[in-house]
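Chains as they are written, first to last, in this note's numbering: chain P, 1 to 180; chain U, 181 to 360.
The beta carbon of each residue, even a glycine, is placed where N, CA and C say it ideally should be.
Please read all numbers here as calculations on a predicted model, not as lab measurements.
Protein chains: 2
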Amino acid sequence: MNLDMVRLTTTSYVVLGLLGLRGPSTSYDLKRAVGHSVGYFWHFPHAQLYSEPRRLAEAGLLDICTEDGGRRKQTFSLTEEGRRALQHWLAEPETEPMQVRDVAELKLFFSELAQEGDMLTLAQEQIRQHTERIGTYEEMQERFGSVDTVAPRLVPLKLGLAMERAALDFWKDLSSELEG
Amino acid sequence: MNLDMVRLTTTSYVVLGLLGLRGPSTSYDLKRAVGHSVGYFWHFPHAQLYSEPRRLAEAGLLDICTEDGGRRKQTFSLTEEGRRALQHWLAEPETEPMQVRDVAELKLFFSELAQEGDMLTLAQEQIRQHTERIGTYEEMQERFGSVDTVAPRLVPLKLGLAMERAALDFWKDLSSELEG
DNA sequence: AGTCACATAGTATGAAACAGAACGTATGTA
DNA sequence: TACATACGTTCTGTTTCATACTATGTGACT
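Structure, rendered in structure tokens:
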């Protein structure tokens with residue numbers, strides 16, 4: 001419909017993509033799906049999973065099917081146009097550069113202003129956090145690796161793991177430098 | 181003053197931190213400072229460097245010194261309270277977990293919906309982007325390593341580099357898998 | 001039957017972040 | 001004097017985000 005009125009953001013494509021992978025879903029379905037898949041490496045709050053599909057529907061990229069039962073429940077599905085938009089996005093290799101947001105990194109940048117010992121404590125805590133995350137990721141790889149999920153969906157997890165490992169190594173080095 | 185009225189965000193601490201490192205500065209000074217330092221690994225738009233100091237001043241964390249000349253120009257500096265807030269933040273090792281936002285990673289997650297060849301093109305473009313960034317970072321390390329900047333400020337750059345290298349390796353592997 | 005806990009499902013609200021355009025001021029130079 | 005350019009600041013409208021709140025269904029225990 002009025003496609004040109006709606007700006008598609010990354011959030012939009014996450015919604016389109018999830019609907020593509022899962023087929024028709026309600027917002028709540030999406031919310032749960034995010035929770036145990038894409039949510040591990042791309043955060044967003046569930047409220048957007050309610051507002052965004054409506055926006056996309058207005059743009060003609062989604063169909064809404066309203067079930068009237070006890071709860072007003074809406075199931076969304078991709079229209080042809082929606083699928084095209086998604087594929088167009090996937091085919092576009094130029095993307096915004098990867099962004100890392102790490103408050104610990106920031107603190108390190110300002111370390112000159114910190115007290116003796118602060119950075120060592122920071123490093124140790126980071127080691128703990130990254131180790132824990134690596135554990136979670138590895139567990140996921142095992143759990144899903146053989147069973148129910150399709151292999152391609154695990155590939156980005158590998159990148160996440162690699163990043164976490166790089167960070168872990170960094171903080172370990174730093175920590176032993178500070179101790180030594 | 182009314183410290184409890186203002187929520188301090190990461191943005192706040194970047195401002196406090198920069199003022200700590202540089203001493204009294206105008207918003208414009210901060211803007212330039214961000215441009216060639218912390219800006220490389222922590223993005224934010226310059227408009228915030230005008231609004232945030234005012235917020236902080238209201239909270240009593242900064243002093244404002246207004247020079248009246250041709251331009252109304254305000255120089256900000258840390259108050260004792262500001263310095264304390266900063267040090268308190270630096271001393272706090274628990275931080276939000278590192279977040280990676282990479283649209284390419286997302287696209288990869290949805291690769292099942294993509295056309296033949298899309299992911300190879302994507303991987304190649306990512307290789308290009310990450311290689312370029314690594315170049316920039318390495319150049320910065322050399323440029324600042326010996327000359328004017330203090331060593332601690334280069335440390336976070338090392339983390340950035342490590343992350344970029346991890347990403348580059350990942351995409352290289354993927355690319356050769358897709359080709360092979 | 002009552003009520004408790006719990007998972008499900010959706011909405012509301014406001015603050016913060018963000019992009020980017022627009023605006024204004026000084027300085028040099030042709 | 002006119003113009004280009006760098007400097008410095010503000011404004012505007014979205015987008016994002018966190019969080020709290022509302023409400024509905026279900027099963028379990030009493």
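Asked, Found
"Cβ-based contacts, 7 Å cut-off: residues of the segment 101-122 of chain P near chain U", "ARG101, ASP102, VAL103, ALA104, GLU105, LEU106, LYS107, LEU108, PHE109, PHE110, SER111, GLU112, LEU113, ALA114, GLN115, ASP118, THR121, LEU122"
"Beta carbon proximity, U/VAL214 to chain P, threshold 8 Å", "no"
"Pick from P/VAL15, P/GLU142, P/LYS31 that is closest to P/LEU154, judged by C-alpha positions", "P/GLU142"
"Contact with chain U by P/LYS73, beta-carbon distance below 8 Å", "no"
"Unbroken stretches of the alpha helix (DSSP H), 4 residues or longer, contained in the segment 231-280 of chain U", "260-271"
"Alpha-carbon to alpha-carbon, P/THR66 and P/HIS130", "43 Å"
"Enclosing alpha helix (DSSP H) for P/TRP171 [first to last residue]", "155-179"
"Cα-Cα separation between P/TRP89 and P/VAL34, rounded to whole angstroms", "20 Å"
"Alpha-carbon spacing of P/PRO24 relative to P/ILE64, whole angstroms", "9 Å"
"Rounded straight-line distance, which links the Cα of U/LYS211 to that of U/THR189", "18 Å"
"Beta carbon of U/LEU339 nearer than 8 Å to that of P/ALA167", "yes"
"Span of the alpha helix (DSSP H), counted from its first residue to its last, around P/ASP29", "27-35"
"Candidates U/PRO273, U/TYR317, U/GLY315, U/LEU300, of which the one nearest U/LYS352 by Cα", "U/LEU300"
"Positions along the segment 14-28 of chain P whose CB lies within less than 9 Å of some CB in chain U", "VAL14, LEU16, GLY17, LEU18, GLY20, LEU21"
"Chain-ordered chain U contacts of P/HIS46 [CB-CB under 7 Å]", "The contacting residues do not exist; P/HIS46 stays about 17 Å from chain U at best."
"Euclidean distance between Cα positions of P/GLU179 and P/LEU108", "16 Å"
"For U/PHE324, the three-state DSSP class (helix, strand or coil)", "helix"
"Within-8 Å CB hit, P/LEU61 to chain U", "no"
"Pairwise C-alpha distance: P/PRO93 and P/GLU164", "24 Å"
"Proximity test, Cβ basis, 8 Å: U/THR316 and chain P", "no"
"Where P/LEU133 meets chain U, residues with beta-carbon distance less than 9 Å", "A small fix is needed here, since residue 133 of chain P is Arg in this sequence, not Leu. Near P/ARG133 (Cβ distances below 9 Å), the residues of chain U are PRO277, MET278."
"Exposed unless 16 or more other CB atoms sit within 10 angstroms - verdict on U/SER192", "buried"
"Below-8 Å beta-carbon distance, U/ARG323 vs any chain P residue", "no"
"Status (buried if at least 16 other CB within 10 Å, exposed otherwise) for U/ALA331", "exposed"
"U/GLN254 versus P/LEU18: straight-line alpha-carbon distance, rounded", "49 Å"
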